[in-house]
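For reference, the structure is listed below as structure tokens.
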Amino acid sequence: MFGDLIIPGLEADPKYRYKLRVIASDVTAGRMLILPDDIAEFGIDPDELSIAFALRMSMSIPFFFEPARLYNPKTKLTHVIVDGGILSNYPVWLFDVPPGQSPEWPTFGFNLYEPQPDGPADPFRHAPHAITSPIGLVTALWDATFSYSDQRYISKRHWARTIAIDAKGIGSTNFNLTEFQKNTLLDSGRAAARSFLKDWDFEEYVRTWRSSP
């Protein structure tokens with residue numbers, strides 16, 4: 000339960016009350032859900048929301064997994080909930096302080112991307128898809144949607160605190176990873192994090208990107 004993730008001393012601060020916040024998409028209402036906070040609208044105490052159920056809602060990729068459903072006692076409607084990536088695939092802003100304020104600590108994002116062999120690394124481009132089936136088409140559409148969303152909405156301010164991880168050709172909808180592939184991704188993530196943090200300067204980041212609204 001999210002009640003187990005309350006941060007001592009920050010109980011009264013909605014932004015920092017929990018160690019974890021999860022994004023989901025309420026397609027019935029056409030809005031983003033920030034969990035566990037927004038679960039209160041469905042008559043559920045945020046502290047009592049199951050972490051597993053929140054993650055289940057957040058990763059419900061349309062056409063790949065059955066959508067989650069939540070009943071709203073106020074509207075008497077059952078809402079269909081799917082992957083949060085539809086509305087915000089890179090919510091690195093979740094823990095940010097209000098505009099104009101300087102953060103007391105850094106927030107880092109991790110972004111998987113596929114570098115291109117014919118030019119400089121581009122974190123918004125994906126390896127080409129060989130579309131030979133309806134599932135292949137859905138997969139290609141899914142990756143294109145995420146890529147376009149990231150390219151349009153990730154600002155330089157966000158990218159300045161992003162650890163870009165080479166996905167090594169492993170797609171986000173590959174649900175049968177071998178042990179070798181898992182270890183390859185782990186090693187790639189470790190290498191990217193070490194490289195990024197080696198030159199990271201929090202004070203410079205604040206001066207450059209957070210000194211004004």
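Residues in the sequence shown are numbered consecutively from 0, following numbering that gives the first Met the number 0.
Ideal Cβ placement from N, Cα and C applies to all residues, glycine included.
| Query | Result |
| --- | --- |
| Could you tell me the distance, in whole angstroms, from the CA atom of leucine 86 to the CA atom of leucine 93? | 13 Å |
| Assign tyrosine 70 to one of two classes, buried (16 or more other C-beta atoms within 10 Å of its C-beta) or exposed (fewer than that). | exposed |
| Asparagine 110 and alanine 190: beta carbons closer than 7 Å? | no |
| Where does asparagine 110 sit, in a helix, a strand or coil, going by DSSP? | strand |
| According to DSSP, which residues form a beta bridge with leucine 86? | Answer is none; leucine 86 lacks a bridge partner. |
| If you count every other CB in all the chains shown that lies within 10 Å of the CB of aspartate 121, and 16 or more means buried, which is it? | Annotation note: pLDDT 48 at aspartate 121 (below 50); position unreliable, coordinate value reported separately. Exposed, by the Cβ-count rule. |
| So what's alanine 28 in DSSP terms, helix, strand or just coil? | coil |
| To the nearest whole angstrom, what separates the beta carbons of glycine 42 and proline 72, a pair I think is in contact under 8 Å? | 5 Å |
| Could you have a look at isoleucine 50 and say whether DSSP puts it in helix, strand or coil? | helix |
| Looking only at DSSP bridge pairs, what is leucine 69 linked to? | His78 |
| In terms of DSSP beta bridges, what is isoleucine 60 paired with? | Per DSSP, none; premise fails for isoleucine 60. |
| Out of Asp3, Ile6, Glu202, Met56, which has the shortest C-alpha to C-alpha gap to proline 105? | Glu202 |
| Near glycine 108, which residues of its chain fall below 8 Å by C-beta distance, leaving aside the five closest residues on each side in sequence? | Tyr89, Val91, His157, Arg160, Thr161, Ile162 |
| Helix, strand or coil for leucine 176, going by three-state DSSP, please let me know. | coil |
| Answer yes or no: do aspartate 25 and leucine 34 have a C-beta to C-beta separation smaller than 7 Å? | no |
| List the whole-angstrom C-beta distance separating leucine 4 from leucine 19, where the pair is believed to meet the contact cut-off of C-beta under 8 Å. | 5 Å |
| Quick check on the DSSP output: the beta strand (DSSP E) that includes aspartate 165 runs from which residue to which? | 161–165 |
| By the DSSP assignment, the alpha helix (DSSP H) with arginine 156 in it spans what residues? | 155–158 |
| According to DSSP, which residues form a beta bridge with tyrosine 215? | Absent from the model: residue 215. The displayed extent of the chain is 0 to 212, so no value can be given. |
| Given a cut-off of 7 Å on the beta-carbon distance, is the pair methionine 56 and alanine 67 in contact? | yes |
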